[in-house]
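*Asks:* Structure provided below as structure tokens; questions to follow.
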Amino acid sequence: EASGELMVTILASIAQQESASISQNTRMGWQYNFQQGKPMLNQSRFMGYTKNRGDMQLAIVPEEAEIVRSIYRMYLEGFSAGDIIFALEEKKIRTPGGKKHWLHSTVNSMLRNEKFAGDLLLQKSYVADFLTKRREKNDGVFPQYYVENAHAPIVPKEVFYRVQGEFERRREGTAVNDRKYALSGKIFCAECGKNYRRSAGTERHPCQP
5 EASGELMVTI LASIAQQESA SISQNTRMGW QYNFQQGKPM LNQSRFMGYT
55 KNRGDMQLAI VPEEAEIVRS IYRMYLEGFS AGDIIFALEE KKIRTPGGKK
105 HWLHSTVNSM LRNEKFAGDL LLQKSYVADF LTKRREKNDG VFPQYYVENA
155 HAPIVPKEVF YRVQGEFERR REGTAVNDRK YALSGKIFCA ECGKNYRRSA
205 GTERHPCQP
């Protein structure tokens, strides 16, 4: 009946307002925690660290930390993201999410992640829609907070900053070492998206195991 539909509409409106209020209160709570330097660590898993259940602080996982260090080391030795992926998959090392095949975006994200240097950049993203819980990258919509020495580092800060400088130089297209060629990172497999590597012998297809 019409009266029943009206009641449902009213109740739905009240429920939506309540949901918006809860979302706002939650956001304010996280904002306060960020201001106090307390991280939000319950959303994603990343290689090299685990969360202590008691205080929710990051603790190093030794075997994973060594993989992270090797990625940073290879990058500074001149390896491209594709070269690093090739080396990781050759050793059957799985991604932070447990998958067999690595993505360029995963390697690049690890190379840019300040957590590995012991710091934290808080509020990198935010909930843009409280109904769908859709998150978006925080490009100045809300303030961000940088916490130095928040936990034990996996890579020294000087190594992390060297990688950032190298990353910027490569992005600008500047050749900085003998392993950087004109076609590096430009030829990709149409099937799997992996890039071909320069080889003195017979180059196998990237899709081949």
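In terms of our numbering, the sequence shown opens at residue 5 and continues consecutively.
For each residue, glycine too, the CB sits at the ideal point set by N, CA and C.
Given the structure is predicted, the values throughout are model-derived calculations rather than measurements.
Which word fits leucine 124, buried or exposed, when buried means at least 16 other C-beta atoms lie within 10 angstroms of its C-beta?
*Replies:* Here the question's residue 124 lines up with position 120 in the sequence shown. Classification of leucine 124: buried, given that the 10 Å Cβ count is 16 or more.
*Asks:* Below 8 Å CB to CB, which residues in the same chain sit around leucine 80 once its five sequence neighbours on both sides are set aside?
*Replies:* Residue 80 sits at position 76 when you count from the first residue of the sequence shown. Contacts found: Val163, Arg166, Val167 and Glu170.
*Asks:* Taking isoleucine 88 as the reference, give the member of Val72, Gly102, Glu67 and Ser23 with the closest Cα.
*Replies:* What you label residue 88 is simply residue 84 of the sequence shown in a count that begins at 1. The shortest C-alpha separation from isoleucine 88 is found at Val72.
*Asks:* From Ser17, Asn142, Ala6 and Ile158, pick the residue whose C-alpha is nearest to that of asparagine 117; which is it?
*Replies:* For this step, residue 117 is matched to residue 113 along the sequence shown. That would be Ile158, whose Cα lies nearest to the Cα of asparagine 117.
*Asks:* By alpha-carbon positions, which one of Asn153, Asn56, His108 and Lys103 ends up nearest to isoleucine 75?
*Replies:* Stepping through the sequence shown from its first residue, residue 75 is reached at position 71. For the options Asn153, Asn56, His108 and Lys103, the alpha carbon positioned closest to that of isoleucine 75 is the one of His108.
*Asks:* Using a Cβ-Cβ cutoff of less than 8 Å, which residues in the same chain neighbour valine 145 once the five nearest sequence positions on both sides are dropped?
*Replies:* As a position in the sequence shown, residue 145 is number 141, starting the count at 1. Same-chain partners within the cutoff: Tyr130.
*Asks:* Would lysine 161 pass as a contact of alanine 132 if the rule is Cβ separation under 8 Å?
*Replies:* Numbered from its first residue, the sequence shown carries residue 161 at position 157. Numbered from its first residue, the sequence shown carries residue 132 at position 128. Their beta carbons are not under 8 Å apart, which means lysine 161 does not touch alanine 132 by this criterion.
*Asks:* So what does DSSP say about serine 84, is it helix, strand or coil?
*Replies:* Against the sequence shown, residue 84 aligns to sequence position 80. The answer is coil: DSSP assigns serine 84 none of H, G, I, E or B.
*Asks:* Once the 5 residues before and after valine 12 are set aside, which same chain residues still bring their CB inside 6 Å of it?
*Replies:* To locate residue 12, count along the sequence shown from 1; it is residue 8. By the criterion of a C-beta distance shorter than 6 Å, valine 12 is surrounded by no residue of its chain, once the five residues flanking it on both sides are discounted.
*Asks:* Are the CB atoms of alanine 69 and valine 111 nearer to each other than 8 Å?
*Replies:* Residue mapping note: residue 69 aligns to position 65 of the sequence shown, counting from 1. Residue mapping note: residue 111 aligns to position 107 of the sequence shown, counting from 1. No, Cβ-Cβ distance for alanine 69 and valine 111 is not below 8 Å.
*Asks:* Can you check DSSP and say which residues form a bridge with isoleucine 64?
*Replies:* Locating residue 64 in the sequence shown gives position 60, where the first residue counts as 1. Paired residue(s): Tyr53.
*Asks:* Using DSSP with H/G/I as helix, E/B as strand and the rest coil, what is glutamate 94?
*Replies:* Residue mapping note: residue 94 aligns to position 90 of the sequence shown, counting from 1. Looking at glutamate 94 - three-state DSSP - the assignment turns out to be helix.
*Asks:* Measure the alpha-carbon distance for threonine 54 versus lysine 103 and round it to whole angstroms.
*Replies:* Counted from its first residue, the sequence shown places residue 54 at position 50. Counted from its first residue, the sequence shown places residue 103 at position 99. Cα to Cα, the separation comes out at about 18 Å.
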